[in-house]
Amino acid sequence: SQKIEQNSEALNIQEGKTATLTCNYTNYSPAYLQWYRQDPGRGPVFLLLIRENEKEKRKERLKVTFDTTLKQSLFHITASQPADSATYLCALVQNAGNMLTFGGGTRLMVKP
Amino acid sequence: EAGVAQSPRYKIIEKRQSVAFWCNPISGHATLYWYQQILGQGPKLLIQFQNNGVVDDSQLPKDRFSAERLKGVDSTLKIQPAKLEDSAVYLCASSSWGDEQFFGPGTRLTVL
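Residue numbers (our numbering), protein chains in the order written: chain A, 1 to 112; chain B, 113 to 224.
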């Protein structure tokens, strides 16, 4: 069966450290993968998109990697801040269509 | 630029009652999506419109859920009759080129 798995346990890190979140998928052939941020009581906000032929994408303190052999994407936040505390969702689009399928999200808590 | 608007923000109904949600996408966005997000899970796509035509409604429970997008702008999602398991946040999103999606704040539905 098809699965998109993110660590359901919250990730707690100290301010200034690098946070690394994982997204694993099975039985998908994604054309691209996106990462979103969601704060309580709000809709998701788009952060980054990485295509199947790209290994890495950066935007300010954010970095995403995409390994189609391992079927995994890693999302990094460097020099993390308490304001980065939120739930982070990965989502992928299959080659065959443009339907976005989300993982369950990982909650990140950055402590001062 | 105004974001995606949704109303109401909260709704509490008894099971077997009917409910409708409204969404106004970002001006000029041809693609509109409705998602269901159950507490602790990622959003699940219910239906996707391109202008006023349905692109994908494979995950819409058509025996009780219906959606329309008249004139290719606003959209309504209806549940009739509601079940306890329909308690969730209903998110509307829109996009212009099918990549980055812009989400509204959602409608939190509680079915008693």
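Using N, Cα and C, we set each Cβ at its ideal position, and we do this for glycine too.
Of the residues that make up the segment 31-51 of chain A, which ones have a beta carbon closer than 9 Å to any beta carbon in chain B?
Y32, Q34, Y36, Q38, G41, R42, G43, P44, V45, F46 and L49
Compare the Cα-Cα distances from A:K59 to each of A:L48, A:T101 and A:T69 and report the closest residue.
The residue labelled residue 59 of chain A in the question sits at position 59 within the first sequence. Answer by Cα proximity: A:L48.
When DSSP labels each residue in this structure, what does A:D84 get in the three-state scheme?
One-based indexing of the first sequence puts residue 84 of chain A at position 84. Three-state DSSP puts A:D84 in a helix.
If you follow the beta strand (DSSP E) that B:E180 is in, where does it begin and where does it stop?
For the purposes of this step, residue 180 of chain B is identified with residue 68 of the second sequence, where counting begins at 1. Segment F177 to E180, the beta strand (DSSP E) holding B:E180.
Identity of the residues DSSP links to A:K57 by a beta bridge
On the first sequence, residue 57 of chain A is found 57 positions in, with the first residue counted as 1. DSSP, once it has assigned bridges, lists A:V64 as partnering A:K57.
Please name the residue in B:P120, B:S139, B:I191 and B:F133 whose C-alpha comes closest to that of B:S208.
Here the question's residue 208 of chain B lines up with position 96 in the second sequence. Comparing Cα positions, the closest option is B:S139.
Determine, using beta carbons only, whether A:T26 and A:K3 come nearer to each other than 8 Å.
Within the first sequence, numbered from 1, the residue matching residue 26 of chain A stands at position 26. Within the first sequence, numbered from 1, the residue matching residue 3 of chain A stands at position 3. The answer is yes: Cβ separation under 8 Å.
Cα-Cα separation, A:S8 to B:K190:
Sequence index remark: in the first sequence, residue 8 of chain A carries index 8 (1-based). Sequence index remark: in the second sequence, residue 190 of chain B carries index 78 (1-based). So the alpha carbons of these two residues sit roughly 31 Å apart.
Beta-carbon neighbours of A:L89, restricted to chain B and to distances below 7 Å
Within the first sequence, the letter at position 89 stands for residue 89 of chain A. Those within 7 Å of A:L89 in chain B are G154.
Where B:P217 meets chain A, residues with beta-carbon distance less than 8 Å
Here residue 217 of chain B refers to the residue found at position 105 of the second sequence. Near B:P217 (Cβ distances below 8 Å), the residues of chain A are G41, R42 and G43.
Validate contact between the segment 10-18 of chain A and the segment 31-40 of chain A using beta carbons, cut 8 Å, 3 pairs
no
Quick check on DSSP: helix, strand or coil for B:L224?
Counted from its first residue, the second sequence places residue 224 of chain B at position 112. Of the three classes helix, strand and coil, the one that applies to B:L224 here is coil, per DSSP.
Identity of the residues DSSP links to B:G165 by a beta bridge:
Residue numbering aside, residue 165 of chain B sits at position 53 when the second sequence is read from its first letter. Bridge partners of B:G165: B:Q162.
Step through the CB atoms of chain B and report whether any lies within less than 8 Å of the CB of A:M99.
The count along the first sequence starts at 1 and reaches residue 99 of chain A at position 99. Yes, A:M99 counts as interfacial toward chain B.
In angstroms, rounded to a whole number, what distance separates the CA positions of A:E74 and B:R128?
By one-based count along the first sequence, residue 74 of chain A stands at place 74. By one-based count along the second sequence, residue 128 of chain B stands at place 16. It is worth fixing the name first, because residue 74 of chain A is Leu in this sequence and not Glu. Taking the straight line joining both Cα atoms gives about 43 Å.
Tell me which residue opens and which closes the beta strand (DSSP E) that B:W134 is part of.
Counting from 1 along the second sequence, the entry for residue 134 of chain B is found at position 22. Start and end: V131 to N136.
Given 8 Å, three or more beta-carbon pairs between the segment 66-82 of chain A and the segment 104-112 of chain A:
Output reads yes: the segment 104-112 of chain A touches the segment 66-82 of chain A.
What is the DSSP secondary structure of A:K17, reduced to helix, strand or coil?
For this step, residue 17 of chain A is matched to residue 17 along the first sequence. In the structure shown, A:K17 sits in coil (DSSP, three-state: anything other than H, G, I, E or B).
Using CA coordinates, which residue listed in B:Q213, B:F215 and B:L203 is at the minimum distance from B:L221?
Residue mapping note: residue 221 of chain B aligns to position 109 of the second sequence, counting from 1. The shortest Cα separation from B:L221 among B:Q213, B:F215 and B:L203 belongs to B:L203.
Run through DSSP, which three-state label would B:K195 get?
Here the question's residue 195 of chain B lines up with position 83 in the second sequence. If DSSP states are grouped into helix, strand and coil, B:K195 belongs with coil.
Anything in chain B within Cβ reach of A:F102, meaning under 9 Å, just list it in chain order.
Counting from 1 along the first sequence, the entry for residue 102 of chain A is found at position 102. Result: Y147, Q149, Q153, G154, P155, K156 and L157.
Beta-carbon proximity of B:C135 to B:S170, cut-off 8 Å:
Translated into the one-based positions of the second sequence, residue 135 of chain B becomes position 23. Translated into the one-based positions of the second sequence, residue 170 of chain B becomes position 58. Their beta carbons are not under 8 Å apart, which means B:C135 does not touch B:S170 by this criterion.
Paired residues, beta bridge with B:I150 - DSSP
On the second sequence, residue 150 of chain B is found 38 positions in, with the first residue counted as 1. B:I150 pairs with nothing; no bridge assigned.
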